[in-house]
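Asker:
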Amino acid sequence: MIKIFKIRPWRKTHINGPLVGMPVKKAAVLGKLIKKAKRPLLIVGGYEYETEIENGKRYIDYLIDLAKSGIPVVATTEVAKIFNENGVKPVAIMSVSNTIQRICDENWKGFDGNGPYDWVIIAAMTYTIQSQAHSAMKHFAYKWTKSVSLDRYLTPNADFSFANFKVDEWKEAIKEVIKIATE
2 MIKIFKIRPW
12 RKTHINGPLV
22 GMPVKKAAVL
32 GKLIKKAKRP
42 LLIVGGYEYE
52 TEIENGKRYI
62 DYLIDLAKSG
72 IPVVATTEVA
82 KIFNENGVKP
92 VAIMSVSNTI
102 QRICDENWKG
112 FDGNGPYDWV
122 IIAAMTYTIQ
132 SQAHSAMKHF
142 AYKWTKSVSL
152 DRYLTPNADF
162 SFANFKVDEW
172 KEAIKEVIKI
182 ATE
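Heads up: the sequence shown at position 78 corresponds to 79 in the numbering used here, and the numbers run straight through without jumps.
#1: For Phe-161, report the span of its beta strand (DSSP E) as first-last.
#2: Kindly list the residues whose CB is nearer than 6 Å to the CB of Ile-83, restricted to its own chain and excluding five residues on each side of it in sequence; keep chain order.
#3: Just the C-alpha distance for Ile-5 and Thr-129, rounded to the nearest angstrom, thanks.
#4: Buried or exposed: Ser-162, going by 16 or more other Cβ atoms within 10 Å of its Cβ?
#5: Among the residues of its own chain, which have a CB less than 7 Å from the CB of Pro-91, if the five just before and after it don't count?
#6: Please check the pair Ala-38 and Trp-120, which I expect to be a contact at CB under 8 Å, by giving their CB distance rounded to whole angstroms.
#7: DSSP three-state call for Trp-145: helix, strand or coil?
#8: Does Ser-98 pass the burial test, meaning 16 or more other C-beta atoms within 10 Å, or should it be called exposed?
#9: Shortest alpha-carbon distance to Ile-179 belongs to which of Arg-59, Met-23, Tyr-118?
#10: Starting from Pro-24, follow its DSSP beta bridges and name the residues at the other end.
#11: Closest to Cys-105 by C-alpha separation, out of Gly-57, Leu-42, Phe-141, Gly-46, would be which residue?
#12: Classify Arg-59 as helix, strand or coil using the three-state DSSP reduction.
#13: Are Ser-96 and Ile-123 close, meaning C-beta to C-beta below 8 Å?
#14: Which term fits Gly-88, buried or exposed, when burial requires 16 or more other beta carbons within 10 angstroms of its beta carbon?
#15: Check for me: the alpha helix (DSSP H) holding Trp-120 runs from which residue to which?
#16: Can you have a look at Asp-160 and say buried or exposed, based on whether 16 or more other CB atoms are within 10 angstroms of its CB?
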């Protein structure tokens with residue numbers, strides 16, 4: 002976490018104190034961070050997942066590609082069927098709040114029993130739910146977990162988040178992040 006920065010959160014009232022995450026303008030940075038993670042976890046919600054990124058390929062399709070690279074995925078009920086239909090079996094189908102509570106428990110050994118996750122990537126969630134999830138990790142899981150938001154708006158509670166991209170910028174960024182992270 003860094004101290005206050007010039008880029009403001011998407012919600013102007015979302016000012017959360019002296020410790021805020023890093024706004025990322027270059028998608029390659031997030032792609033490389035995800036690729037270097039030793040024990041990443043992808044949490045996918047049911048918000049805007051149908052957004053077309055390019056030539057009929059949707060946001061959820063890019064997230065499926067990310068999961069197919071070996072990153073375990075926790076899916077909410079809205080998207081679990083889509084992952085299963087595309088050959089990705091989620092490690093769990095559960096709510097975001099339940100998943101985050103487990104991540105914040107220092108005694109929890111992960112869905113596979115091999116220890117805590119070092120990077121938690123959150124995608125396709127409403128801004129408010131995502132903000133609360135990142136806030137919980139920032140306060141209770143900061144010793145073992147870094148968090149990343151792949152959605153288009155700056156989420157200051159996440160350790161790393163896009164810096165309020167326009168739709169077209171975000172679409173290009175998603176393509177680049179997934180390409181780099183899955184190479």
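For each residue, glycine too, the CB sits at the ideal point set by N, CA and C.
Answerer: Checking against the coordinates, here is how it stands:
#1: Here the beta strand (DSSP E) through Phe-161 covers 161 to 163.
#2: Cβ within range, chain order: Ile-61.
#3: At Ile-5 the pLDDT is 43, less than 50, meaning the model places this residue with poor confidence and gives no usable figure here.
#4: Ser-162 is buried by the Cβ-count criterion.
#5: The residues are Val-74, Val-75, Ala-76, Ala-81, Phe-84.
#6: Right, the Cβ-Cβ distance comes to about 4 Å (below 8 Å), so this counts as a contact.
#7: When DSSP states are grouped into helix, strand and coil, Trp-145 belongs to the coil group.
#8: Exposed is the call here.
#9: For Ile-179, the nearest C-alpha among the options comes from Arg-59.
#10: Its beta-bridge partners are Ser-162.
#11: Taking Cys-105 as reference, the option from Gly-57, Leu-42, Phe-141, Gly-46 with the minimal CA-CA separation is Phe-141.
#12: Strand, per DSSP.
#13: Judged by their CB atoms, Ser-96 and Ile-123 are not nearer to each other than the 8 Å cut-off.
#14: Exposed is the call here.
#15: Here Trp-120 belongs to no alpha helix (DSSP H); instead the beta strand (DSSP E) covers 120 to 124.
#16: Here Asp-160 is buried. Its C-beta has 16 or more other C-beta atoms within 10 Å.
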